[in-house]
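Accompanying notes for the structure given below.
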Amino acid sequence: MATTITKPETLVGKRIRRKEDPRLITGTATYVDDIQMPGMHHACIVRSPHAAARIKGIHVKAALELPGVTAVFTGADTKDVGPVPCGASLPGLRVPHHHILAVDRVYFVGHPVAVVVATDRYIARDAADRIEVDYEVLPAVADPEKAIAAGAPAVHPEWPDNVAFHFHQEGGEVDKAFAEAEVVVKERITSQRLIPTSIETRGVVADWNTGDKSLTIYSSSQIPHLLRTLLAMMLGLPEHHTRVVVPEVGGGFGSKLNVYAEEALMGFVAMKIGKPVKWIESRRENYLCTIHGRGHVDYFELAARKDGTMVGLKLKLIQDLGAYHQLLTPAIPTLSVLMMPGLYRFKNIRADIAGVFTNCVPTDAYRGAGRPEATHGIERMVDILAAELKMDPAEIRLKNFIQPEEFPFSTGTGLIYDSGNYDLPLKKAMEIVDYKGLRKQQNDSRKQGRLMGVGISSYGEICAFGPSPATPAGGWECATVRVDPQGKVTVGTGASPHGQGEETTFAQIAADELGVDLDDVLVVHGDTAVVPYGIGTFGSRGTAVGGPALYYALQKLKEKITKFGAMLLDSESVSYSGGCCTCSKTGKSVTLGEIAGASYRAMKLPEGEAPGLEATYFWEPPNFTFPFGAHVAVTEIDRETGKVKVARYVAVDDCGRIVNPLLVDGQVHGGVAQGLGQALYEQAVYDDSGQLLSGELTDYAIPKATMMPWIESHHTETPSPVNPLGVKGVGEAGTIGCSPALVNSVVDALSPLGVRHIDMPLTPEKIWNLLQGGQQ
Amino acid sequence: MKISGSYQMACSPEQAYALLQDPEALARCMPGCESLDRIGENEYAMKMKMALAAFSGLFEGKVRIADTKPPQSFRLIVEGSGRVGFMKGEGLLNLSAQNGGTEVAYEGDVHVGGTIAAVGQRLLDSTAKVMIKRFFDKLGEGASARA
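Chain order of the listed sequences is A and B. Heads up: the first sequence is residues 346 to 1121, going by this note's numbering. Heads up: the second sequence is residues 3 to 149, going by this note's numbering.
Here it is as structure tokens:
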């Protein structure tokens, strides 16, 4: 028995490089498209070029005649497959039946109409061109405000007003607050449609085992277990004969938090042909057919007193839903409503959502999902109010923040903010940028005719989704910890990390709790046959919900380890720490490896204990977590071209306790890049007839490395009381905090010209027109 | 997309009018036109190859001539679809005698859909202009030969 104890240093809180990286940067990771199987077939999907049309006929003979083509299926073949599910429920919600292949009508450009299956990907693609579809083209509508205007074409003929739902939420005494207000500012603020653009597009491999009648679906997804449950339902399969494997995922950002027609379609095809089948989405399909994000037109009214105290907020929100509800489509704008008061104390809130059908691809969760829209709205409105009252935007924020002693704080929208100290990140950011000095510099540069702006965004977010009653599919998470006979540790998590780095952060947590080396812990995930049921990774929940589940599983396991240790040391006074059980009386100890070996050999067992070392824990979070922060952007505008230069970008994020600062910085950087993309460059554009004009990366501008400023990333740490780790989540913080900071900065730069608001993206053309005295 | 422009032809309005409705001349002059067959009164079936941005494709469609007012004006209606999408166009051509020749002024609306809209939209305007210019240039050669 070992008698020396070497306690490893604590790993949580350290900047540790990702365990995932070697396979990712050496090209040895396996993505869906890397999967090869004997006899594998390939599918190509025929899609509608029209936004609205009746299908009069589909001619498949010429495609079937091409050598190598195995089968062609149309909506007539697949109409009994269950509909593409909508997981959100709202009172009175209209849910169109969403067939996996169009049956008699198409509703958006890209709507799948037929699938060709061939022995080779290229044959499938060529055969798809031989399929002729007769369409009777119908009028379409692509703009949500036009869709609810009188006389607009009906997206779904059964609902001629194009409204899928109305949703009303109210808190406090709104009418009284507005009647007594000394100032009310109003603005129409849009959050344009965005395309999530993960580097890896979607992809599916379906493998049907004819013998034991089981289906395995390999898909680039964020939610393997939910996908299994819903696919089994759609295909009429028992769930225990359905397996979902999520291999490496090259980015999701919410776009793979879904159940797509193609996933069920490939299952259907594999079951029909009795061979494995692969479908890999092209970039053009990805832009046309994978969900888009945002798509808001918001009418805000903010009421305040002359001293800058905000007293009430009204919002009329028009959400462009697209033609169908994908998994969470109608729920996304309700998150905007929850988040609309931001970090401010007032409780008089009224929101009315109109969820509107358009002949476009559905919108759904994209990084931030409803919260960037809300934050953009309130943070723009605060600046508009500050300008109206000639107050400093930092001062008006500090005046209205909820104070640390007010937590837990009940909001006018029914949330309970867990913890916060909102002055902290804002004051830290102001100190880092030398706020007073910047304002002086701005005054001087204005005298020289230059256009310099300083923009602040103080954001809050709802993370760690979430308590089960508040989520459509359960909000808990699960973890299994297994110590093998060698004493090495395997962690299985139901959260399905896909770039967030939990193979590292969860290993840090487990290594600390068990006192082992980081390399002695392997984190597995993403295969429903390997890990217990879990909900998945989205809504900044991976570490904030999956982490505590792991923590509690580790506590449970440590109890068992200690019992085995006590038995082996033949002592009652035993404690487990640093990878060993030690008797406090004799100083003798046994290592985890020795305990594990003994537990599997099972010559002797502690009373009431079973052999083996394994523990599973399902953890239900009692509340959401509410991270916050302050971002400050300094911009300068080129008068000649209207181009925005981001001179400085400071992000101070408070995501609770930090497990790995390197990964938190990475999340902030990526998030800021996507927030900056929305603020300055990106926009999904449909023409009036529903044709997507920004259908490729040549026409849809995501920021390149050279378009990014240097991000100065700083943190404050206000632990969450909601979970034992004190973590809050940081996956969406950068995106939520960024766009209002940039737009506030540019509006500030242009304020001498009388500019009060500009809608995103802030393209040079838009700004140049404003500089010429025109409209945006 | 709105298109408009004008072109000078070195022949009389009557000759220009006849030329603009001569399927053989049109087939010869339309860039990428592979065939143009009469299928009815003032109606033709057309096969046309079109290149735009990084892709090219074969369009099959119909050309229809309407509102004929020889030799002053007529309306041209083109509809085609192929694997890269579809196009629909309608234009009014006005012919007037000018400087011993004919000015052909055109004004119309072109609508495209499918991949061609998603990918090629930014190049559509310039591509359409180039194609129309090539068409009239070539037709002009024929007109000069006739004149």
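Glycine included, each C-beta is placed from N, C-alpha and C at the ideal position.
- Contacts between B/F61 and chain A, judged by CB atoms closer than 9 Å, are missing: the closest CB pair is about 12 Å apart.
- When secondary structure is reduced to three states using DSSP, A/H387 falls in the strand class.
- Within the stretch 891-949 of chain A, the complete alpha helix (DSSP H) runs of at least 4 residues fall at 892-914 and 937-946.
- Separation of A/H641 and A/M685 (C-alpha to C-alpha, rounded to the nearest whole angstrom) is 13 Å.
- Under the 8 Å criterion on CB atoms, B/G102 is classed as non-interfacial with respect to chain A.
- Along the stretch 406-492 of chain A, the beta strand (DSSP E) occurs as fully enclosed runs of 3 or more residues at 414-419, 457-463 and 477-482, listed in sequence order.
- In chain B, no part has a C-beta under 9 Å from the C-beta of A/Y780; the shortest such distance is about 42 Å.
- Among the residues of the stretch 76-99 of chain B, those with a Cβ less than 8 Å away from any Cβ of chain A are S83, R85, G87 and F88, in the order of the chain.
- One alpha carbon belongs to A/Q787, the other to A/P502, and they sit about 56 Å apart.
- Contacts with chain A at 8 Å (Cβ-Cβ) do not include B/V106.
- DSSP, read as helix, strand or coil, puts A/Q787 in helix.
- In chain B, no part has a C-beta under 8 Å from the C-beta of A/S559; the shortest such distance is about 37 Å.
- In this structure, the beta-carbon distance from A/S565 to A/E545 falls below 8 Å.
- Counting C-beta atoms within 10 angstroms of its own C-beta, A/P972 has 16 or more neighbours from the protein chains shown and is therefore classed as buried.
- The beta-carbon of B/R124 is placed less than 8 Å from the nearest beta-carbon of chain A.
- Taking the beta carbon of B/V112 as reference, no residue of chain A falls within 9 Å; the closest one sits roughly 12 Å away.
- Taking the C-beta atoms as reference points, A/Q1019 is found nearer than 8 Å to A/T1080.
- Under the 10 Å beta carbon count, A/N968 is surrounded by 16 or more other beta carbons and is classified as buried.
- Inclusion of A/Y632 and A/Y1031 in the CB contact set at 8 Å is not warranted, their separation being larger than that value.
- Rounded to whole angstroms, the separation of the alpha carbons of A/A710 and A/I677 is 6 Å.
- Look at A/K521 here: in three-state DSSP terms it is helix.
- Secondary structure note for A/E607: its alpha helix (DSSP H) is the uninterrupted segment A606 to I618.
- According to the DSSP secondary-structure assignment, A/R690 is paired through a beta bridge with no residue.
- For the stretch 645-675 of chain A, the continuous beta strand (DSSP E) assignments of 3+ residues that do not extend past its boundaries occur at 655-667, in sequence order.
- Against chain B, the beta carbon of A/E630 has no neighbour under 8 Å; the closest one sits roughly 10 Å away.
- Counting only the Cα atoms, A/G420 lies some 21 Å from A/I468.
- Annotation for A/L1070: no beta strand (DSSP E) segment contains it, and DSSP assigns it neither H nor E.
- Here the alpha carbon of A/L730 sits roughly 8 Å from the alpha carbon of A/V528.
- Boundaries of the alpha helix (DSSP H) around B/L22: P15 to L22.
- In the three-state reduction of the DSSP assignment, A/F598 falls in the coil class, being assigned neither a helical nor a strand state.
- Against chain B, a Cβ distance below 9 Å from A/H395 picks out F88, G115 and G116.
- For the stretch 1019-1038 of chain A, the beta-carbon criterion of a distance under 8 Å to any beta-carbon of chain B is satisfied by D1032, S1034, Q1036, L1037 and L1038.
- Around the Cβ of A/H586, a 10 Å sphere holds fewer than 16 other Cβ atoms; the residue is exposed.
- The alpha-carbon of A/F645 is positioned some 38 Å away from that of A/L1007.
- About 6 Å separates the Cβ atoms of A/V861 and A/V834, confirming a contact at the 8 Å cut-off.
- For A/Q1023, the closest C-alpha among the options A/G820, A/D1104 and A/G619 is that of A/D1104.
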